[in-house]
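What follows is a short report on a single structure.
In the numbering used here, the protein residues as written are 10 to 366.
See the structure below:
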């Protein structure tokens, strides 16, 4: 039902209509892609959309309508094909925004074709923008030219994510929904439930947390392929009464209320080039417990010590270290609230979208 062309908030948007080429694709693509099975439809749609977008951009907007452009921005491999076609046709400079990589998302076992797209786009792009110094270092380790890479942190809207805008009765309803009394701790995880988010090790940490902080419940909010494993692990560890799972994507307004209801937020990802959920929690004035090992941008957001401390760094591969971080945060509520206040100040100073721009 979307229009193929419209202007929204001053931005001109074009939406090429695509046709299903998934039956044709396996005839000529690499074996790597044929192994995707029925998921080849996803790659087919991406490819067709990129080609149609680039064709419309060059032939309609530039040649027929006389538009001129100073730069073309593409994000990850999903739009890199269009960027390469446009660059070949027009010589307009291309900026390649890299939010993650195929080798990182898959733990080194992803699609060779997608990885090739990423590398080729990086090679041909005039500039590369990525979301953290951790990600820049990872790209450099994999042979990308550091001189082409700029780091621009993501941001958050601190007026949208503002604890002052949440009505106490609405926040209380969230805790009541989960059956969490006022004198209990609500620990919150929000995110896609994939292996890289580290929820398995978080659950392994819960028995150690409950040994010292028995009045604690962990709320897991999100969807993904790890849902069954999460339920089975909680049952096996005997912590199912202290783990509330909401396997759904909730509207932003309700997500904000979940942050407001929490006493602390935890994000133990094993791979997270930036991690905007941490910023959202910080903007809501919450202390955050975040992973800091490997390709993880959380450590650039969260100060783990000193007068400006706003959270704890943990080793997401170690359940005992995760448990330590949680207990360290929950054992002194007044100190934790101070960390939360520091976190919001840090967002206002460094992590707004205006700062990113």
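Glycine is no exception: its CB is placed at the ideal position from the N, C-alpha and C atoms.
### Task
Please report the residue range of the alpha helix (DSSP H) in which residue 24 lies.
Where residue 24 is concerned, there is no enclosing alpha helix (DSSP H), given that its DSSP letter is neither H nor E.
### Task
Classify residue 203 as helix, strand or coil using the three-state DSSP reduction.
coil
### Query
Considering only the beta carbon of each residue, do residue 286 and residue 167 sit closer than 7 angstroms?
no
### Task
Could you check the C-alpha separation between residue 154 and residue 103 for me, to the nearest Å?
15 angstroms
### Query
If you draw a straight line from the C-alpha of residue 164 to the C-alpha of residue 197, how long is it?
21 angstroms
#### Entry: Those runs of the alpha helix (DSSP H) which lie wholly inside the stretch 146-227 and span at least 4 residues
177-187 and 208-221
### Query
Between residue 268 and residue 179, what straight-line distance do the alpha-carbon atoms span, to the nearest angstrom?
12 angstroms
### Task
Return yes when the Cβ of residue 240 is within less than 7 angstroms of the Cβ of residue 215, no when it is not.
no
### Message
Let's see if you can read the secondary structure: which residues bound the alpha helix (DSSP H) around residue 61?
### Response
49-64
### Query
Which class does residue 230 belong to by DSSP, given the choice of helix, strand or coil?
strand
### Query
Taking contact to mean at least 3 C-beta pairs separated by less than 8 angstroms, is the stretch 300-309 in contact with the stretch 183-199?
no
### Query
For residue 362, is the classification buried or exposed, using 16 other Cβ atoms within 10 angstroms of its Cβ as the cut-off for buried?
exposed
### Query
From the DSSP output, which residues share a beta bridge with residue 6?
Any question about residue 6 goes unanswered here, given that the chain covers just 10 to 366.
### Task
For the beta strand (DSSP E) holding residue 139, just list the boundary residues, first then last.
136-139
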